[in-house]
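Using the working numbering, the first residue of the sequence shown is number 58, and each one after it goes up by one. Have a look at the structure below, then the notes.
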Amino acid sequence: MKKSFVTLFGLFCVTFTIAQNNVKIDGRLKPLLDNFFEYCKEYNIEYYDKLFELKNIDIVDTLTVSPEVSTLGMLTRDKDNKVENIVINWMVLLDQEILKVVAFHEFAHYFLEYEKHICDDCGQIMAVVNSSYFDIVKDWDNQVKKLFMDSPIYKKRKTVASINQHSRQNYLAN
Ligand SMILES: [Zn+2]
């Protein structure tokens with residue numbers, strides 16, 4: 058009797074933990090996210106814990122669409138200003154190349170800690186707007202390399218690494 062109670066309790070805990078860590082990812086964004094994570098591994102950027110702090114990575118029809126200006130993607134936050142969802146405008150689905158750039162742009166805001174854009178319209182993934190997504194996609198490998206190597210999280214990590222190395226050298230010199 059006691060044993061089965063323990064087992065039940067154990068099962069309950071496991072279910073609870075899984076439910077807590079449930080991030081819903083739209084199937085159309087999943088391959089791009091997997092691809093983005095491959096680069097994270099390559100550049101040694103942690104993404105796993107951050108991923109499970111999110112609720113949704115989703116395609117939505119609630120973002121502004123107009124001939125003048127459309128919001129193609131954004132991060133939405135909870136009342137404590139913590140990022141809750143990464144959302145992409147459904148209209149981006151009409152073009153696979155735009156989808157790729159917009160998805161990487163939004164993923165980078167969150168996972169690479171880009172709090173700001175790097176320019177207004179300079180033909181880079183982290184520009185505010187892009188007049189030509191085609192140019193970015195044409196130069197994709199370089200674009201992604203720049204995106205990762207210039208990212209706040211990558212620079213921060215490099216600084217920490219060089220401070221560590223510096224203090225080790227000091228230690229060795231003593
Ligand atoms: Zn942005």
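All C-beta atoms in this analysis are idealised placements derived from N, C-alpha and C, irrespective of residue type, glycine included. All of these numbers come straight from a predicted model, not from anything done at the bench.
- Message: Quick check on Leu169: does DSSP put it in helix, strand or coil?
- Response: The residue given as residue 169 occupies position 112 in the sequence shown. Coil.
- Message: Using 8 Å as the cut-off, can you tell me whether the segment 189-204 makes contact with the segment 116-130, which would need three or more C-beta pairs spanning the two stretches below that distance?
- Response: Contact fails between the segment 189-204 and the segment 116-130, because fewer than three Cβ pairs, one in each stretch, are under 8 Å apart.
- Shorter than 9 Å from the beta carbon of Leu108 to some beta carbon of chain B? This model lacks chain B altogether, as it is built from one protein chain only.
- Item | Exposure label - Gln181; buried when at least 16 CB within 10 Å | Taking the first residue of the sequence shown as position 1, residue 181 is located at position 124. With a threshold of 16 other beta carbon atoms within 10 Å, Gln181 meets it and is buried.
- Apply the 10 Å Cβ neighbour rule to Glu103 and answer buried if 16 or more other Cβ atoms are within range, or exposed otherwise. The residue given as residue 103 occupies position 46 in the sequence shown. Per the 10 Å Cβ criterion, exposed.
- Query: Pairing CB atoms from the segment 158-177 with CB atoms from the segment 91-98, are three or more of them under 8 Å?
  - Reply: Touching, yes.
- Query: Would you say the segment 139-149 touches the segment 195-210, given that touching needs at least three Cβ pairs under 8 Å?
  - Reply: Fewer than three pairs of CB atoms, one per stretch, sit closer than 8 Å, so the segment 139-149 makes no contact with the segment 195-210.
- What separation, rounded to the nearest whole angstrom, lies between the Cα atoms of Asn101 and Leu120? Residue mapping note: residue 101 aligns to position 44 of the sequence shown, counting from 1. Residue mapping note: residue 120 aligns to position 63 of the sequence shown, counting from 1. Cα-Cα distance, rounded: 33 Å.
- Across which residues does DSSP place Cys179 in a beta bridge pair? Within the sequence shown, the letter at position 122 stands for residue 179. None, per the DSSP bridge assignment.
- Item | Beta carbon nearer than 6 Å to a non-hydrogen atom of ligand 1 | In chain order, the hits are His162, His166 and His174.
- Task: Return the CA-CA distance between Lys124 and Val149, expressed in angstroms with no decimal places.
- Result: For the purposes of this step, residue 124 is identified with residue 67 of the sequence shown, where counting begins at 1. For the purposes of this step, residue 149 is identified with residue 92 of the sequence shown, where counting begins at 1. A small correction: the amino acid at residue 124 is Pro; Lys does not occupy that position in the sequence shown. Distance between the alpha carbons of Pro124 and Val149 is about 14 Å.
- Message: Tell me the DSSP secondary structure of Asp115 in three-state form.
- Response: For the purposes of this step, residue 115 is identified with residue 58 of the sequence shown, where counting begins at 1. In the three-state scheme derived from DSSP, where H, G and I count as helix and E and B as strand, Asp115 is classed as strand.
- DSSP-derived helix/strand/coil call for Lys139: Your numbering for residue 139 matches position 82 in the sequence shown. DSSP, read as helix, strand or coil, puts Lys139 in coil.
- Message: Per the DSSP calculation, Thr133 is bridged to which residue(s)?
- Response: Residue mapping note: residue 133 aligns to position 76 of the sequence shown, counting from 1. Beta-bridge pairing links Thr133 to Asn142.
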